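Reading the sequence shown from the start, the letters are residues 62 to 267 in the working numbering.
C-beta: ideal position from N, C-alpha, C; glycine also.
Only a predicted model underlies this, so the values are computations on that prediction, with no experimental measurement involved.
Some notes on the structure that comes next.
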Amino acid sequence: MSGAILVLSGPSGCGKSSLVNQILQERDDIYFSISTTTRPMREGEAEGVNYYYISKEQFEAEIEEGLFLEWAEVHGNCYGTSLKPVREALDAGKLVIFDIDVQGHAIVKEKFGEILTSLFITTPDAQTLQDRLIKRATDPHEVIAHRIKNSQEEMARLDEYDYLLINDDFEESLKKFRAVVETALLKIDTKRKALFINKWYNLKNS
Ligand code: 5GP
């Protein structure tokens, strides 16, 4: 494995997807991990682009088969990351970006901590988040209320993350996000450091 991992977390509606979509257009050394979910498809989403949408029964079967690197229940729906494509992307030396919740981050960190960078993205305050979710109008009122309530619990785990990005102005945030992506690519594990040291001191004539 020669790639690295960047985990993004933060309340939904904070703008993670827009930042990821932009960076995916700019670079080809990034693999975005598309999660599997039991939540219904939103307007504007597509199968295999935003998520793989499956039933609760199928999701449970995939858990049984051990196909997930991690999975969690978020806002009453199940979300999971498939292990195989992530391994393949890491082997190909890519930066694998995950958009997962705080529970998922804790699990991935335990398994891949040495090559993992984490970024928590959020709005300047809860009011801005609520305004954005209402404006986005992709969820019914009670779902929005549930998401706002949950965001408080997510925010409480901010301390587990390396970096914080307060997404107020998109262009400004994009600049900062690009910097985090560059930094995340520099993260290497002990094995790769040892290999590099071995290779480095190789003089032609001395
Ligand atoms: P949404 O329904 O708004 O797309 O996502 C809701 C939440 O689920 C977000 O916080 C998102 O980061 C999280 N999420 C999406 N995919 C996964 C996943 O595969 N694993 C985990 N643990 N969380 C996920």
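Pick from the options: whose alpha carbon is nearest that of residue i?
i, options, result
"Ala133", "Ala187, Glu221, Lys236 and Ala167", "Ala167"
"Ser96", "Asn228, Val147 and Phe238", "Val147"
"Ile136", "Asp230, Phe181 and Asn211", "For the record, residue 136 in the displayed sequence is His; it is not Ile. When each option's Cα is compared against that of His136, the closest is Asn211."
"Glu171", "Leu130, Glu149, Cys139 and Ala240", "Leu130"
"Val157", "Ala245, Val110, Pro72 and Gly105", "Ala245"
"Cys139", "Arg197, Tyr222, Lys155 and Tyr114", "Tyr114"
"Ser70", "Leu219, Asn266 and Ile84", "Leu219"
"Ala240", "Lys155, Tyr224 and Pro201", "Tyr224"
"Val242", "Ala255, Lys155, His202 and Ile161", "Lys155"
"Pro72", "Phe238, Leu256, Ala206 and Lys254", "Ala206"
"Tyr92", "Thr142, Gly105 and Ala150", "Ala150"
"Gly165", "Lys254, Glu215, Leu190 and Lys145", "Glu215"
"Arg253", "Lys145, Asp89, Ala107 and Asp152", "Asp152"
"Thr98", "Ala122, Leu194, Glu87 and Arg88", "Ala122"
"Gly105", "Glu87, Thr184, Ala255 and Arg197", "Arg197"
Can you give the Cα-Cα distance for residue i and residue j, rounded to whole angstroms?
i, j, result
"Glu118", "Ile124", "10 Å"
"Gln213", "Asp186", "11 Å"
"Cys75", "Ala217", "16 Å"
"Ser94", "Phe173", "15 Å"
"Phe120", "Tyr112", "13 Å"
"Glu126", "Tyr262", "46 Å"
"Arg103", "Lys248", "35 Å"
"Asp192", "Thr199", "13 Å"
"Phe159", "Lys260", "32 Å"
"Asp250", "Ile84", "24 Å"
"Arg100", "Val110", "14 Å"
"Gln229", "Asn266", "The sequence given here places Asp at residue 229; Gln does not occur at that position. Answer to the nearest angstrom: the Cα atoms are 56 Å apart."
"Glu221", "Pro201", "31 Å"
"Ile209", "Asp90", "34 Å"
"Lys145", "Leu264", "40 Å"
"Ile195", "Gln188", "11 Å"
"Val204", "Asp162", "17 Å"
"Leu256", "Val169", "24 Å"
"Thr184", "Leu190", "6 Å"
"Gln86", "Gly141", "24 Å"
"Arg88", "Ala107", "22 Å"
List the whole-angstrom C-beta distance separating residue i from residue j, where the pair is believed to meet the contact cut-off of C-beta under 8 Å.
i, j, result
"Glu182", "Leu226", "Note that residue 182 is Ile in the sequence shown, not Glu. The Cβ separation is near 5 Å, so the contact holds."
"Ser116", "Leu128", "In fact, because the Cβ distance is near 15 Å, the residues do not count as touching under 8 Å."
Could you say if the region 66-75 and the region 176-193 meet the contact criterion of at least three C-beta pairs nearer than 8 Å? yes
The region 76-83 in contact with the region 228-238 per 3-pair CB rule at 8 Å: yes
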